[in-house]
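Taking it in order: structure first as structure tokens, then the write-up.
Protein chains: 2
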Amino acid sequence: MKKIDIFKKLRSSGLRPTKQRVEIAKFLFERDKTFHFTVESLDKLLAKKTTSKFALATIYNTVHAFKKAGHLSEVEVRGKKTYFDTNITNHHHFYDSETCELIDIDANDVVIQKIPKAPNGKKIKNVEVFINLKN
Amino acid sequence: MKKIDIFKKLRSSGLRPTKQRVEIAKFLFERDKTFHFTVESLDKLLAKKTTSKFALATIYNTVHAFKKAGHLSEVEVRGKKTYFDTNITNHHHFYDSETCELIDIDANDVVIQKIPKAPNGKKIKNVEVFINLKN
DNA sequence: TCCTAGTTTATAATTATTCTAAAGTAAAAA
DNA sequence: TTTTTACTTTAGAATAATTATAAACTAGGA
Ligand SMILES: [Mn+2]
Ligand SMILES: [Mn+2]
Ligand SMILES: [Zn+2]
Ligand SMILES: [Zn+2]
């Protein structure tokens, strides 16, 4: 993803392409594979991989702004920290509790044959499959 | 579940049947249907349904002791609070984000036809299906 | 260039949870 | 039964993740 695309992505989401947002967006979106992270891990990686300084509040603000704009999704993982995901398609996860690592599973690689119908008056929004791993 | 069974359940888990543990255990386990709760909701319900007073720390201690003993399980739900579950069998959940309510799905009511194999060197510990509901 | 709304930032506040250590209690030992 | 012991409860302090605040800064339009 080129710089011009980052600008477009931000602009089209109503987000000013500030120095901080552009750097964080480049870090998050200029990659081939899905990236799963917490705010803490992102903070550390940004400190290591960039020369700029980011206030922790800015990382929170930016991640939330990106999520709200639909550029990030949130994955529910056991533990206190919130996990974010650059993969915003419907997909599933392996979770390795040893390493606290998430691994994507393409939606097509999971086929559910039978599922109960939603309770009265409710509809199914989506189905998430979470596969816990062990050694 | 009778009082004597509560005592057995506690004793056999190496937990002294104190006044607090017995009351909380009766509240949690003397019911027919699964009960899902957070420490906060349990605290409020205990305050309403019993005459005893419980320190919040005691509720945390007790819930963790019960979980460690295998009498409660933990369910991962989006949000900051930890959800506990009196259903300790393998099962799945509907989640109604409007009401923040969990509804059990029997493991037999979900049949998965296809699942990817675990990454190298890892095995599948368990598969959790989480069905988000909407109106 | 000037203005303004949006943004960043340091810091404080909040919230859920865990820790601490003193007081209380269940059950084993005497 | 009393004594002793380890376990438990408790109020309050501490911690950790996140959110709120408000002052300083900045992007982009007028
Ligand atoms: Mn979580
Ligand atoms: Mn949660
Ligand atoms: Zn993912
Ligand atoms: Zn359940």
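Taken in order, these protein sequences are the chains called Z and A.
Each residue of the first sequence is one higher than the last, beginning at 1 in this note's numbering.
Each residue of the second sequence is one higher than the last, beginning at 1001 in this note's numbering.
Beta carbons: idealized from backbone N, C-alpha and C, even for Gly.
This one's a predicted model, so the numbers in the text were calculated from it and none came from an experiment.
Remark: C-beta atoms of K1122(A) and L102(Z) do not approach each other more closely than 7 angstroms.
Using a CB distance cut-off of 7 angstroms, E101(Z) does not count as an interface residue toward chain A. Listed by position along chain Z, the residues whose Cβ is nearer than 9 angstroms to that of I1131(A) are I115, P116, A118, I124, K125, N126, V127 and E128. Contact between the stretch 74 to 87 of chain Z and the stretch 29 to 36 of chain Z is established, with three or more Cβ pairs separated by less than 8 angstroms. Within the same chain, T1089, N1090, H1091 and H1092 come within 8 angstroms of A1107(A) by CB-CB distance, once the 5 residues on both sides are set aside.
One finds K1122, K1123, I1124 and K1125 in chain A with Cβ atoms closer than 8 angstroms to the Cβ of K134(Z), taken in chain order. Nearest neighbour of L42(Z) by Cα position, chosen from I24(Z), K33(Z), T34(Z) and T51(Z), turns out to be I24(Z). For K1114(A) and N126(Z), the gap between their C-alpha atoms comes out near 18 angstroms.
Counting only runs that start and end inside the stretch 1041 to 1119 of chain A, the alpha helix (DSSP H) elements of at least 4 residues fall at 1056 to 1068. DSSP lists F94(Z) and V1127(A) as the bridge partner or partners of I131(Z). Taking all protein chains in view, the Cβ of T82(Z) is crowded by 16 or more other Cβ atoms within 10 Å, so the residue is classified as buried. Taking non-hydrogen atoms of ligand 3 into account, the C-beta of T1050(A) is found less than 6 angstroms away from none of them. Relative to ligand 3, the nearest heavy atom lies less than 6 angstroms away from the CB of D104(Z). With 16 or more other Cβ atoms inside 10 Å of its own Cβ, R21(Z) counts as buried. S1097(A) and R1011(A) have their alpha carbons spaced roughly 38 angstroms apart. Leaving aside the five residues that flank H64(Z) on each side, none in its chain has a CB nearer than 8 angstroms to its CB.
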